[in-house]
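Enquirer: A single structure is presented below for examination.
In the numbering used here, the protein residues as written are 269 to 426.
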């Protein structure tokens, strides 16, 4: 995947972004760039992004836009796990990470399942910094206390 910082300084450990698109797709063609720009401003450095989505529910044009924005797409349509593919990838990343200085940014736009709070708390106990990005009135607000930081997902007006 391509690391994009949109002209911002690339000093610092950066972030690994895990974007859960369950229940919908980005609301605008520029959503990925806006999200990555927001994260780069908060956590300067290399910022890589993975989006988790059922490909059958994602319009092909949106898939192309996300990939062109440097987002690595993970197809969840064949997921047979009882857990969230995002949670599985969070732990897979943590187990393979040699350093814990990168912030793990989780973007939850839909109605997430309860296992996120437990996963965030577990990662925090092991020294990882998890930041949550969510809409202002999201039910995901209940996960704020388990995170190093919480940010409101905003969309620029054009």
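Yeah, the Cβ is synthetic: ideal placement off N, Cα and C, and Gly gets one too.
1) How is residue 367 classed by DSSP in three states: helix, strand or coil?
2) Expressed to the nearest angstrom, what Euclidean distance is found between the alpha-carbon atoms of residue 322 and residue 340?
3) Output the distance between the C-alpha atoms of residue 416 and residue 384, rounded to the nearest integer angstrom.
4) So, is residue 363 buried or exposed, given that buried needs 16 or more other C-beta atoms within 10 angstroms?
5) Hey, would you say residue 330 sits closer than 8 Å to residue 353, going by beta carbons?
6) When burial is assigned at 16 or more other CB atoms within 10 Å of the CB, is residue 288 buried or exposed?
7) What does a CB cutoff of less than 6 Å around residue 303 pick up in its chain, not counting 5 residues either side in sequence?
8) Suppose contacts are defined by Cβ-Cβ distances below 8 Å. Is residue 284 in contact with residue 361 by that definition?
9) Can you tell which of 371, 325, 406 has its C-alpha closest to the C-alpha of residue 316?
Expert: Once the coordinates are examined:
1) The count along the chain shown starts at 1 and reaches residue 367 at position 99. DSSP places residue 367 in coil when its eight states are reduced to three.
2) Translated into the one-based positions of the chain shown, residue 322 becomes position 54. Translated into the one-based positions of the chain shown, residue 340 becomes position 72. Going by the C-alpha atoms only, they are around 13 Å apart.
3) Reading the chain shown from its first residue, position 148 is the one you call residue 416. Reading the chain shown from its first residue, position 116 is the one you call residue 384. Those two C-alpha atoms are separated by around 14 Å.
4) Indexing the chain shown from 1 puts residue 363 at position 95. When all chains shown are included, residue 363 counts as exposed.
5) Position 62 of the chain shown, counted from the first residue, corresponds to residue 330. Position 85 of the chain shown, counted from the first residue, corresponds to residue 353. The answer is no: Cβ separation not under 8 Å.
6) The sequence position of residue 288 within the chain shown is 20, counting from 1. When all chains shown are included, residue 288 counts as buried.
7) Position 35 of the chain shown, counted from the start, is the residue given in the question as residue 303. Same-chain partners within the cutoff: there are none.
8) Walking along the chain shown from the start, residue 284 turns up at place 16. Walking along the chain shown from the start, residue 361 turns up at place 93. Yes, they are a contact pair.
9) Translated into positions along the chain shown, residue 316 becomes position 48. For the residues 371, 325, 406, the minimum Cα distance to residue 316 belongs to 371.
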